[in-house]
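**Student:** Shown below is the structure under consideration.
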Amino acid sequence: MKTALLEGKKPAHFDKHIIGNLLLDVATPDEVREEEMLIGVRNEAGDIYRLIGATKLNSFMNAVEELFDLGLVDELQDTEEPKDGCDAIFSEP
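Following this line, the structure appears as structure tokens:
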């Protein structure tokens, strides 16, 4: 899986836990957007500051599970429609 921080957006206070719990390769935002499935992560200001891209459904589901384990919620959990180009968007409840 690949990840990128978005320029000009402040990382959330829990960001170090994401990096610590998921095996992610740092890439450019454009490279991450080329992946099959995208996860966005919102900061306290409500901005998506990190993108995580997964090629395989298995990797995507593992990432989603880890983010749930961190106590984050997926805004798109009850919808099939992507939003802002993301298949899941996680933030603090």
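Residue 36 in my numbering is what sits at position 36 of the sequence shown, and the numbering runs on without skipping anything. For glycine and all other residues, C-beta sits at the position ideal for the given N, C-alpha and C.
Given 8 Å as the limit, is there contact between the stretch 36 to 44 and the stretch 1 to 14, that is, 3 or more CB pairs closer than that?
**Tutor:** Yes, the stretch 36 to 44 touches the stretch 1 to 14.
**Student:** Nearest to R57 by alpha carbon, out of D87, V26, G20?
**Tutor:** Note that residue 57 is Leu in the sequence shown here, rather than Arg. Of D87, V26, G20, the residue nearest in Cα terms is D87.
**Student:** Considering only C-alpha positions, which residue in the set N62, Y49, Q77 is nearest to E7?
**Tutor:** Out of N62, Y49, Q77, Y49 has the C-alpha closest to the C-alpha of E7.
**Student:** Need the endpoints of the alpha helix (DSSP H) that M61 sits in, please.
**Tutor:** Per DSSP, M61 belongs to the alpha helix (DSSP H) from 57 to 69.
**Student:** Quick check: what's the CA-CA separation for P29 versus T3?
**Tutor:** Their Cα atoms are separated by approximately 7 Å.
**Student:** List the endpoints of the continuous beta strand (DSSP E) containing G40.
**Tutor:** Note, G40: beta strand (DSSP E), 37 to 42.
**Student:** Suppose you measure from the CA of M37 to the CA of L51; what does that come to, to the nearest Å?
**Tutor:** The straight-line gap from Cα to Cα measures roughly 10 Å.
**Student:** In three-state terms, what does DSSP make of K83?
**Tutor:** Strand.
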